[in-house]
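Structure first, commentary second.
Numbering (the numbering used here), first residue to last: 7 to 223.
Dropping the structure here:
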């Protein structure tokens with residue numbers, strides 16, 4: 007069973023609960039997640055994070071290995087969902103998602119969960135539309151017909167899918183995209199862009215909370 011790390015706001019606002027998985031190479035306690043989750047908590051969102059077993063093993067000194075094929079991680083994500091649902095009860099809306107690979111995995115299992123009324127929405131942070139420098143190797147086929155209400159927060163310069171790249175993709179009308187100003191894969195802008203990483207993370211947090219609030223209406 008995956009270990010869950012839950013961050014709670016000072017006051018329970020009743021917003022949906024957000025469950026997030028990490029990216030391929032960074033743990034659930036990465037600087038990106040630590041900053042973003044703190045901002046989400048300040049805005050009233052309860053956030054739970056978890057790690058896939060290959061990443062959790064690194065904490066015990068295991069050899070650093072690449073992630074296994076995404077399909078093999080589905081059961082672990084489902085286990086995290088079940089554990090989170092047991093913790094929050096049957097009635098509170100649940101949103102799933104994650105950073106990069108974690109968001110991709112969530113997007114691949116989301117519609118089955120939506121049909122079963124197990125989740126209310128999906129949040130992807132830096133979706134890996136294609137590998138860096140391989141714009142022809144797309145990971146978008148399932149996104150054209152995605153029925154789950156979805157928010158993708160994406161850096162305008164993300165090497166896994168820039169704003170120009172994404173403009174040419176066939177995406178479901180259920181997907182909304184929040185564009186992170188001059189952001190890279192971790193939402194960091196260039197020095198003279200007029201944007202800051204902190205400001206970009208704050209704007210993304212605002213977008214996520216607004217998305218969650220809309221789902222609870």
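For each residue, glycine too, the CB sits at the ideal point set by N, CA and C.
Beta-carbon proximity check, residue i vs residue j, cutoff 8 Å
i	j	result
residue 11	residue 55	yes
residue 171	residue 135	yes
residue 108	residue 28	yes
residue 22	residue 100	yes
residue 60	residue 71	yes
residue 177	residue 149	yes
residue 207	residue 42	yes
residue 13	residue 53	yes
residue 218	residue 51	yes
residue 73	residue 30	yes
residue 202	residue 175	no
residue 103	residue 129	yes
Run of the beta strand (DSSP E) containing residue i, from where it starts to where it stops
i	result
residue 214	Premise fails: residue 214 lies in the alpha helix (DSSP H), 203-221, not in any beta strand (DSSP E).
residue 125	Premise fails: residue 125 is in no beta strand (DSSP E) and is neither H nor E.
residue 53	53-56
Distance between beta carbons of residue j and residue i, contact taken as under 8 Å
i	j	result
residue 186	residue 210	6 Å
residue 86	residue 8	5 Å
residue 163	residue 122	Contact doesn't hold; Cβ gap of about 37 Å is too wide.
residue 166	residue 106	7 Å
residue 46	residue 158	Residue 46 to residue 158, Cβ: 16 Å. No contact.
residue 90	residue 131	About 18 Å separates the two Cβ atoms, so there is no contact after all.
Counterpart residues of residue i in DSSP-defined beta bridges
i	result
residue 182	157
residue 23	100
residue 105	131
residue 12	54
Span of the alpha helix (DSSP H) around residue i
i	result
residue 46	37-48
residue 171	169-173
residue 90	80-94
residue 61	59-62
Below-8 Å beta-carbon distance, residue i vs any chain D residue
i	result
residue 104	Protein chains in the displayed structure number just one, and chain D is not present.
*asked:* Whether or not the segment 100-119 and the segment 141-155 are in contact is what I'm after, with contact meaning three or more pairs of Cβ atoms, one per stretch, closer than 8 Å; do they touch?
replied: Touching, per the Cβ criterion.
*Is the number of C-beta pairs between the segment 33-47 and the segment 133-150 that are closer than 8 Å three or more?*
With the cut-off at 8 Å, the segment 33-47 and the segment 133-150 do not touch.
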